[in-house]
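**Student:** My questions will all concern the structure given below.
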Amino acid sequence: MTSQSGQPRILVTFGTRPEAIKMFPVVAALRETGQCDVKVVVTAQHRELLDSVLDLAGLRPDLDLDLMLPNQSLDGLTARILTRFGEALDHLRPDRVLVHGDTLTTMAASMACYFRRIPVGHVEAGLRSGDIYSPWPEEVNRKVTGVIADLHFAPTETSAAALRAENVREKSIHVTGNTVIDALLFARAKIAAEPSLAPAIAPLRERFAGKRIIAVTAHRRENFGSGMAGIAQALQELASREDVAVIYPLHPNPNVSDVMRPALGGHDNIALTTPLDYLDFVAMMEAADIVLTDSGGIQEEAPSLGKPVLVMRDTTERPEGITAGTARLVGTDPAVIVREASRLLDDRSAYLTMARAHNPYGEGHAASRVAALAVEASRSR
Ligand code: UDP
Numbered sequence: 000m001t002s003q004s005g006q007p008r009i010l011v012t013f014g015t016r017p018e019a020i021k022m023f024p025v026v027a028a029l030r031e032t033g034q035c036d037v038k039v040v041v042t043a044q045h046r047e048l049l050d051s052v053l054d055l056a057g058l059r060p061d062l063d064l065d066l067m068l069p070n071q072s073l074d075g076l077t078a079r080i081l082t083r084f085g086e087a088l089d090h091l092r093p094d095r096v097l098v099h100g101d102t103l104t105t106m107a108a109s110m111a112c113y114f115r116r117i118p119v120g121h122v123e124a125g126l127r128s129g130d131i132y133s134p135w136p137e138e139v140n141r142k143v144t145g146v147i148a149d150l151h152f153a154p155t156e157t158s159a160a161a162l163r164a165e166n167v168r169e170k171s172i173h174v175t176g177n178t179v180i181d182a183l184l185f186a187r188a189k190i191a192a193e194p195s196l197a198p199a200i201a202p203l204r205e206r207f208a209g210k211r212i213i214a215v216t217a218h219r220r221e222n223f224g225s226g227m228a229g230i231a232q233a234l235q236e237l238a239s240r241e242d243v244a245v246i247y248p249l250h251p252n253p254n255v256s257d258v259m260r261p262a263l264g265g266h267d268n269i270a271l272t273t274p275l276d277y278l279d280f281v282a283m284m285e286a287a288d289i290v291l292t293d294s295g296g297i298q299e300e301a302p303s304l305g306k307p308v309l310v311m312r313d314t315t316e317r318p319e320g321i322t323a324g325t326a327r328l329v330g331t332d333p334a335v336i337v338r339e340a341s342r343l344l345d346d347r348s349a350y351l352t353m354a355r356a357h358n359p360y361g362e363g364h365a366a367s368r369v370a371a372l373a374v375e376a377s378r379s380r
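Mapping of the sequence shown onto numbering that gives the first Met the number 0: position 18 corresponds to residue 17, and the numbering continues sequentially without gaps.
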C-alpha cells in the first residue's frame, strides 16, 4: 500500500545480529532519500545479540515479533516466522520488502511476501558455497530467497556472476558493495570520536601489552563437535607461546561454550569474553594482529582493517577474500590452524602480503546504492 504521504512503503526485516549490522545502514539510507515510507520489522530470531545493535544504531522497530524460544528448532522457527511475518505484512501492507543474507528470517519472510505477491529485494545476494550442507542451512536459505527476489543486490562481481549462472535476469542484478563496510566505517568513526564507547578492549590491551593478539570467533553449526574440539586444541597451542594472547568472545550457544570454557578458561594468555557489543568487537579487531574465525561477516570486515583472516571452515561462500589474498581457508584441523597462524606470526613478509591485500567488499557506499535502487523500483511499479 502506498502510504498516506503518497510515497511507496518499503519494509525492511531482519532477525539476527549480523543482519542488523548490515541492514541498519540501509534503513538510514532509505530514510535519507526522503522518498519512501520506511517500516522496520524484526523477528528477533536472536534476542540479546540483536538488541545491542538496535541500540547502537538508534533503531526503533515498528514491529518486534520477538520470536526467539529456548532450544528453537529450525522447522519450528521457520513456521513461526512464516505465519507471524505474514500477519505483519497483512497489517503494514508494504509495496516492497528488503531482506538480508541467508537466515531463516530471510527465507521465511521472502516466502510470506511471495504468497502475497509483494516484491522482495535481497541485500547481499548471490553468495554461494556450492554445498547445501555448508554453511547449513544458510546456503539453501539464500538460494530460496534468490528464487523469489526481483532485485538482487550483489556485494561483488563474483556474487553477481553466481546469480547469472543460475539464470537470474541480468537487469535485476546490481553490484553494490557490501553494507557491512558502511557499518564498519560508522563504528570506527564512533570509536575514534569517543573511545569510551568501546570499554571492554582497553583493559585487555593493557593485560596483553607487548603480545601479538589473535582475535577469535567460532560459532558455525557445521563446526559443532569435532570442529570445535580442533579449534580449542589449536588455541591452546598458540596461547602456549609467551608472545601470543588470544581474545575470544564466546558465542552463547552451549555447543560452543561447553567445549571452549573447560578447554580454554583460566589460561594466562587467553581472555574468554561474553559476546561483545559491535563497537567493542570492532575495537578488538583493530587491536588484533590476526583474526581466526568461522564467521561470514568477519571475513569481510577484518580485511578493511588490514587484518589477515584465517577462516576455520572447509568452504566459503566469500571466495573474494581468498582470491584477493586477505583470507585463507584453514579448516578445523589443529595442526593446520597452528601452522598457518604461526607462519603469519613469524614471517613478516607473509603477514604484510595478507595485511596489505586489497579489500574486495567495497568502500562503504553500498547502503545508499541499495536504497536508491529500491526506491526507484518501488516508484516504477
Ligand atoms: N560481532 C559482534 N560481536 C561479537 C561477535 C561478532 O558484534 O562478539 C559482529 C561482527 O563484527 C560481524 C557480525 O557480528 O559484523 C558477525 O556475526 P556472526 O559471526 O554471528 O555471523 P555471520 O557473519 O557468520 O553470519
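For glycine and all other residues, C-beta sits at the position ideal for the given N, C-alpha and C.
#1: Given a threshold of 16 other Cβ atoms within 10 Å of its Cβ, counted over all protein chains shown, does Lys21 qualify as buried or as exposed?
#2: Who are Pro248's beta bridge partners in DSSP?
#3: Measure from the alpha carbon of Gly75 to the alpha carbon of each residue in Gln44, Thr314, Val96, then state which is nearest.
#4: Using a threshold of 8 Å, state whether the C-beta atoms of Gln298 and Ala326 are closer than that.
#5: Specify the secondary structure class of Lys170 as computed by DSSP and reduced to three states.
#6: Under 8 Å between the Cβ atoms of Lys306 and Met284?
#7: Which residues in the same chain have their Cβ closer than 8 Å to the Cβ of Leu263, if we skip the five residues on either side of it in sequence?
#8: By Cβ distance, which residues of its chain are closer than 7 Å to Gln6, with the 5 residues on each side in sequence left out?
#9: Give me, in chain order, the residues of the same chain whose beta-carbon lies closer than 6 Å to that of Asp404; leave out the 5 immediate sequence neighbours on both sides.
#10: Could you have a look at Val308 and say whether DSSP puts it in helix, strand or coil?
#11: Cα separation between Ile117 and Gly224?
#12: Nearer than 7 Å: is that true of the beta carbon of Tyr132 relative to any heavy atom of the ligand UDP?
#13: To the nearest angstrom, how far is it from the Cα of Thr314 to the Cα of Ala159?
#14: Hey, could you find the ends of the alpha helix (DSSP H) Ile131 is sitting in?
#15: For Asn140, which of Leu103, Glu375, Phe13 has the nearest alpha-carbon?
#16: Let me check you understand the geometry: is the CB of Tyr277 closer than 7 Å to at least one non-hydrogen atom of the ligand UDP?
#17: Check whether the Cβ atoms of Leu58 and Val39 lie closer than 8 Å to each other.
#18: Is Ala287 helix, strand or coil when you go by DSSP?
#19: Consider the C-beta atom of Gly320 and the heavy atoms of the ligand UDP; say whether any pair is separated by less than 7 Å.
**Tutor:** Concretely, from the data shown:
#1: Translated into positions along the sequence shown, residue 21 becomes position 22. Classification for Lys21: buried.
#2: Stepping through the sequence shown from its first residue, residue 248 is reached at position 249. According to DSSP, which records beta bridges pairwise, Pro248 is partnered with Thr272.
#3: Residue mapping note: residue 75 aligns to position 76 of the sequence shown, counting from 1. Nearest option by C-alpha distance: Gln44.
#4: Your numbering for residue 298 matches position 299 in the sequence shown. Your numbering for residue 326 matches position 327 in the sequence shown. It is a contact, given that the beta carbons lie within the stated cut-off.
#5: Here residue 170 refers to the residue found at position 171 of the sequence shown. Note: Lys170 maps to helix in three-state DSSP.
#6: For the purposes of this step, residue 306 is taken as the residue at position 307 of the sequence shown. For the purposes of this step, residue 284 is taken as the residue at position 285 of the sequence shown. A contact, by the Cβ cut-off of 8 Å.
#7: One-based indexing of the sequence shown puts residue 263 at position 264. Once the five neighbours on either side are set aside, the close Cβ partners of Leu263 are Ala231, Leu234, Gln235, Ala238, Val245, Tyr247, Ile269, Leu271.
#8: The residue given as residue 6 occupies position 7 in the sequence shown. So the list reads Gln34, Cys35, Asp36, once near-sequence residues are dropped.
#9: Absent from the structure is residue 404, since the part of the chain shown begins at 0 and ends at 380.
#10: Numbered from its first residue, the sequence shown carries residue 308 at position 309. DSSP places Val308 in strand when its eight states are reduced to three.
#11: Position 118 of the sequence shown, counting from 1, holds the residue named residue 117. Position 225 of the sequence shown, counting from 1, holds the residue named residue 224. C-alpha separation (whole angstroms): 41 Å.
#12: Within the sequence shown, residue 132 is the residue found at index 133, counting from 1. Look at Tyr132: its beta carbon is at least 7 Å from all of the heavy atoms in the ligand UDP.
#13: Looking up residue 314 in the sequence shown gives position 315. Looking up residue 159 in the sequence shown gives position 160. The straight-line gap from Cα to Cα measures roughly 19 Å.
#14: For the purposes of this step, residue 131 is taken as the residue at position 132 of the sequence shown. Neither: Ile131 is in no alpha helix (DSSP H) and is coded neither H nor E.
#15: For the purposes of this step, residue 140 is taken as residue 141 along the sequence shown, with counting starting at 1. Selected option, being the one with the closest Cα: Leu103.
#16: By 1-based counting over the sequence shown, the position of residue 277 is 278. Taking 7 Å as the cut-off, the C-beta of Tyr277 counts as close to a heavy atom of the ligand UDP.
#17: On the sequence shown, position 59 is the one that residue 58 refers to. On the sequence shown, position 40 is the one that residue 39 refers to. Taking 8 Å as the Cβ cut-off, Leu58 and Val39 qualify as a contacting pair.
#18: Locating residue 287 in the sequence shown gives position 288, where the first residue counts as 1. Ala287 falls in the coil class under three-state DSSP.
#19: Residue numbering aside, residue 320 sits at position 321 when the sequence shown is read from its first letter. No, the ligand UDP has no heavy atom inside 7 Å of this Cβ.
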